[in-house]
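Novice:
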Amino acid sequence: MTENDIRRVIVDGLTQLAPESHPERLRGDQPIRASLDIDSFDFLTFLVGLHKSLGVEIPEADYGKLETLDGMVRYLLPRARS
Amino acid sequence: MPSLGADMEAGTLVQWRVAAGDTVARGDIVAEVDTDKGVIEIECFESGVVERLVVEPGAKVPVGTVLAEIRSTDQLPPHPTGGATAPSSAPAAAASVPASTAVPLEPPRPTPERRVRVSPLARKRAAEMGLDLSMVQGTGPGGAIQVADVERAEPKVGPPGPAQASPLDSMRRAIAAAMARSKREIPHYYLQTRIDMSQAQAWLRAQNQQRPIEQRLLPVVVLLKAVASALRDVPQLNGFWIDGEHRLADAIHVGFAIAMKGGGLLAPAIHDVDRRSCDELMADLRDLIPRARAGRLRSSEFTDGTITVTSLGDGGVESVLGVIYPPQVAIVGFGSIADQPWAEHGMVGVRPVITASLAADHRATDGHVGARFLDAVAHHLRAMENS
Chain A
0 MTENDIRRVI
10 VDGLTQLAPE
20 SHPERLRGDQ
30 PIRASLDIDS
40 FDFLTFLVGL
50 HKSLGVEIPE
60 ADYGKLETLD
70 GMVRYLLPRA
80 RS
Chain B
0 MPSLGADMEA
10 GTLVQWRVAA
20 GDTVARGDIV
30 AEVDTDKGVI
40 EIECFESGVV
50 ERLVVEPGAK
60 VPVGTVLAEI
70 RSTDQLPPHP
80 TGGATAPSSA
90 PAAAASVPAS
100 TAVPLEPPRP
110 TPERRVRVSP
120 LARKRAAEMG
130 LDLSMVQGTG
140 PGGAIQVADV
150 ERAEPKVGPP
160 GPAQASPLDS
170 MRRAIAAAMA
180 RSKREIPHYY
190 LQTRIDMSQA
200 QAWLRAQNQQ
210 RPIEQRLLPV
220 VVLLKAVASA
230 LRDVPQLNGF
240 WIDGEHRLAD
250 AIHVGFAIAM
260 KGGGLLAPAI
270 HDVDRRSCDE
280 LMADLRDLIP
290 RARAGRLRSS
300 EFTDGTITVT
310 SLGDGGVESV
320 LGVIYPPQVA
330 IVGFGSIADQ
340 PWAEHGMVGV
350 RPVITASLAA
360 DHRATDGHVG
370 ARFLDAVAHH
380 LRAMENS
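Chains A and B are the protein sequences, given in the same order.
Under numbering that gives the first Met the number 0, the first sequence is numbered contiguously, ending at residue 81.
Under numbering that gives the first Met the number 0, the second sequence is numbered contiguously, ending at residue 386.
(1) Taking the alpha carbon of VAL319 of chain B as the reference point, which residue from B:PRO326, B:ALA248, B:VAL331, B:ARG171 has its own alpha carbon closest?
(2) Along chain A, which residues have their Cβ under 8 Å away from the Cβ of ASP338 of chain B?
(3) Which stretch, first to last residue, makes up the beta strand (DSSP E) that contains ILE306 of chain B?
(4) Could you tell me whether the Cβ atoms of THR67 of chain A and ASP36 of chain A are closer together than 7 Å?
(5) My guess is that VAL117 of chain B and HIS245 of chain B are in contact by the Cβ rule of under 8 Å, so how many angstroms apart are they, rounded?
(6) Indicate, with yes or no, if the ligand NAD has a heavy atom lying under 6 Å from the CB of GLY312 of chain B.
(7) Quick one: residues in its chain with C-beta nearer than 6 Å to the C-beta of GLY70 of chain A, no 5 flanking neighbours on either side, listed in chain order?
(8) Could you check what DSSP says for GLU244 of chain B in three-state terms: helix, strand or coil?
(9) Taking beta-carbon pairs under 7 Å, can you tell me which members of the segment 36-51 of chain A lie near chain B?
(10) Return the bridge partner residues of TRP202 of chain B from the DSSP annotation.
(11) When the Cα atoms are used, what is the spatial distance from ASP338 of chain B to ARG350 of chain B?
(12) What are the boundary residues of the alpha helix (DSSP H) that includes HIS378 of chain B?
(13) Taking the alpha carbon of LYS123 of chain B as the point to measure from, which residue in B:ALA24, B:GLY142, B:MET170, B:ALA377 has its own alpha carbon closest?
(14) Verify the CB distance criterion: does LEU280 of chain B have a CB-CB separation below 7 Å to chain A?
(15) May I ask you to list, following chain order, the residues of the segment 210-226 of chain B that have a beta carbon less than 7 Å from some beta carbon of chain A?
(16) Can you list, in chain order, the residues of its chain whose CB lies under 6 Å from that of HIS361 of chain B, leaving out five sequence neighbours each side?
(17) Do ILE306 of chain B and PHE333 of chain B have their C-beta atoms closer together than 7 Å?
(18) Can you tell me whether VAL65 of chain B is helix, strand or coil according to DSSP?
(19) Please check if any C-beta of chain B sits within less than 7 Å of the C-beta of GLU59 of chain A.
(20) So who's on the other strand from LEU190 of chain B, going by DSSP bridges?
(21) Quick one: is ALA94 of chain B near chain A, going by C-beta distance under 7 Å?
(22) List the residues of chain A that GLY261 of chain B touches, going by C-beta distances under 8 Å, in chain order.
(23) Please name the residue, chosen from A:PRO58, A:LEU25, A:ILE57, A:GLN15, that lies closest to ASP41 of chain A on a Cα-to-Cα basis.
(24) Between the segment 38-58 of chain A and the segment 32-43 of chain B, are three or more C-beta pairs nearer than 8 Å?
(25) The beta strand (DSSP E) spanning LEU296 of chain B covers which residue range?
(26) Within the 7 Å Cβ cut-off, does ASN207 of chain B reach chain A?
(27) Mind checking MET0 of chain A: buried by the 16 CB within 10 Å criterion, or exposed?
(28) Give the straight-line distance between the Cα atoms of ALA248 of chain B and TRP240 of chain B, rounded to the nearest whole angstrom.
(29) Let me know the secondary structure DSSP gives LEU287 of chain B once reduced to three states.
(30) Can you find a CB in chain A that lies within less than 7 Å of the CB of LEU380 of chain B?
What follows is the structure, given as structure tokens:
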């Protein structure tokens, strides 16, 4: 999987959760939850979706590394199944 | 048409889920009704056989209107002939009919032609565009109108007619009515307390470490559980103020405030929270939150709440002092969990702290009871390690 593939999976997942807030316009360094008004329930749902589509285990202790689009790509890219 | 809250005056029957001649049990979903709060699945109050569907889909009728007639199974005469007495009328939506009409059953009515399904987002968009949904051709499953269908359709020229309110506007009005009534009628008193969440968080962390991501718990589950346990200790806050009387509820059904995307709020009931495990409560939330946001709740979820919990922690606020949802007598609020200085045993350290608040009806209880309740909430959260 390329960086662009991962980015697309993330943006698609966010679009399902918050289509009205235009996740595709999100900058890489913006805090995702605050920018898109996503609560902890929706965020967990989103992570479950990432886990399913990329096969990445995401321990709770790592949630802090997933606060921005860039952070997510950095975290997921080396771990995603090809 | 059942009343799904003190602020509801009428509802529109969207569709029947049963036909004449069907056997129904208490709690079965028999119809869908459109209200200020979205499409609600109406549960049957009676067990029996559907005798007749009275109201046609598409009709808007006031609360109290008979929607259908149901013949109770235990009221069936042993033989269709003979002088069976008229059964006593059944309460609520289902009015029973005289036993003499037992046979023959009316054939099921033909499917009504106007059975339009509309996604909540499409409904919202149509309202924003001032579009009449009956003019829109749906292309979704079963002809359902989706947001793309709305956006394809051209709004009719001319004024939008007599103030077609959007569902969001009507939800706003419902909230306004309930909250204004609350502040007009209920003398609120407010208490709040800071609670050390170290133990609860440690318990959650340990739980979540062993779990696959699909089964992880959110902190709000622990808060709900602590509220329910505290209500067992201090039941006076679990109930209603009706007709000048304080009535305690015999079960703990927590109305959980859920913010709608794009504004508005619903607080559907989670049933028997005191008897549910944290896992079951998490499963309840996974079921309830998406349904609430999609506008697909059940009638019992609107009417059964015995207290409300609002958790605004996600937004980062420290505390929330709620407005009671009448005729309930209390609302519990939680802010965010944040690291704060905490003094204990003559030492100052840093702990994860949450501020829990209570707004309660002073007609029903006094501050002393409220204080005992918040103390019990704190106690149950600190005791999480051992549960």
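Heads up, the beta-carbon is just placed ideally off N, CA and C, and yes, glycines get one too.
Specialist: Once the coordinates are examined:
(1) Working through the second sequence from its first residue, we reach residue 319 of chain B at position 320. The alpha carbon of VAL319 of chain B has as its nearest neighbour, out of B:PRO326, B:ALA248, B:VAL331, B:ARG171, the alpha carbon of B:VAL331.
(2) Numbered from 1 along the second sequence, position 339 holds the residue referred to as residue 338 of chain B. Correct list: empty, because the minimum Cβ distance to chain A is about 14 Å.
(3) Residue 306 of chain B sits at position 307 when you count from the first residue of the second sequence. Start and end: 306-310.
(4) As a working mapping, residue 67 of chain A is identified with position 68 in the first sequence. As a working mapping, residue 36 of chain A is identified with position 37 in the first sequence. Cβ distance not < 7 Å, so THR67 of chain A and ASP36 of chain A don't count as in contact.
(5) Looking up residue 117 of chain B in the second sequence gives position 118. Looking up residue 245 of chain B in the second sequence gives position 246. That pair is no contact at about 42 Å.
(6) Only the bare structure without any ligand can be found here, which leaves the ligand NAD out of the picture.
(7) By 1-based counting over the first sequence, the position of residue 70 of chain A is 71. These residues qualify, in order along the chain: LYS64.
(8) What you label residue 244 of chain B is simply residue 245 of the second sequence in a count that begins at 1. Strand.
(9) Using a CB distance below 7 Å, the part of the segment 36-51 of chain A facing chain B consists of ASP38, SER39, PHE40, LEU43, LEU46, VAL47, HIS50, ordered along the chain.
(10) In the second sequence, the residue the question calls residue 202 of chain B occupies position 203. Beta-bridge pairing links TRP202 of chain B to no other residue.
(11) As a working note, residue 338 of chain B is residue 339 in the second sequence. As a working note, residue 350 of chain B is residue 351 in the second sequence. Rounded to the nearest angstrom, the two C-alpha atoms are 5 Å apart.
(12) By one-based count along the second sequence, residue 378 of chain B stands at place 379. 366-381 is the span of the alpha helix (DSSP H), which, as asked, contains HIS378 of chain B.
(13) What you label residue 123 of chain B is simply residue 124 of the second sequence in a count that begins at 1. Minimum Cα distance to LYS123 of chain B is reached at B:MET170.
(14) Numbered from 1 along the second sequence, position 281 holds the residue referred to as residue 280 of chain B. No, LEU280 of chain B does not count as interfacial toward chain A.
(15) ILE212, GLU213, ARG215, LEU217
(16) By one-based count along the second sequence, residue 361 of chain B stands at place 362. Cβ neighbours of HIS361 of chain B beyond the five flanking positions: PRO186, TYR188.
(17) By one-based count along the second sequence, residue 306 of chain B stands at place 307. By one-based count along the second sequence, residue 333 of chain B stands at place 334. Taking 7 Å as the Cβ cut-off, ILE306 of chain B and PHE333 of chain B do not qualify as a contacting pair.
(18) Taking the second sequence and counting its residues from 1, one reaches residue 65 of chain B at position 66. VAL65 of chain B falls in the coil class under three-state DSSP.
(19) Counting from one through the first sequence, the residue named residue 59 of chain A turns up at place 60. Interface residue, yes.
(20) The sequence position of residue 190 of chain B within the second sequence is 191, counting from 1. Its beta-bridge partners are B:LEU357.
(21) By 1-based counting over the second sequence, the position of residue 94 of chain B is 95. Note that ALA94 of chain B has pLDDT 34, beneath the 50 cutoff, so the model's placement of it is unreliable and the number below is only indicative. Not one chain A Cβ lies under 7 Å of ALA94 of chain B.
(22) By 1-based counting over the second sequence, the position of residue 261 of chain B is 262. Per Cβ cutoff of 8 Å: GLU19.
(23) Your numbering for residue 41 of chain A matches position 42 in the first sequence. Nearest C-alpha to ASP41 of chain A: A:GLN15.
(24) Verdict: no, contact absent.
(25) For the purposes of this step, residue 296 of chain B is taken as residue 297 along the second sequence, with counting starting at 1. Start and end: 295-297.
(26) As a position in the second sequence, residue 207 of chain B is number 208, starting the count at 1. It does; some Cβ of chain A falls within 7 Å.
(27) By one-based count along the first sequence, residue 0 of chain A stands at place 1. Classification for MET0 of chain A: exposed.
(28) Numbered from 1 along the second sequence, position 249 holds the residue referred to as residue 248 of chain B. Numbered from 1 along the second sequence, position 241 holds the residue referred to as residue 240 of chain B. The straight-line gap from Cα to Cα measures roughly 11 Å.
(29) Taking the first residue of the second sequence as position 1, residue 287 of chain B is located at position 288. Correct three-state label for LEU287 of chain B: helix.
(30) Along the second sequence, one-based indexing puts residue 380 of chain B at 381. By this cut-off, LEU380 of chain B is not an interface position.
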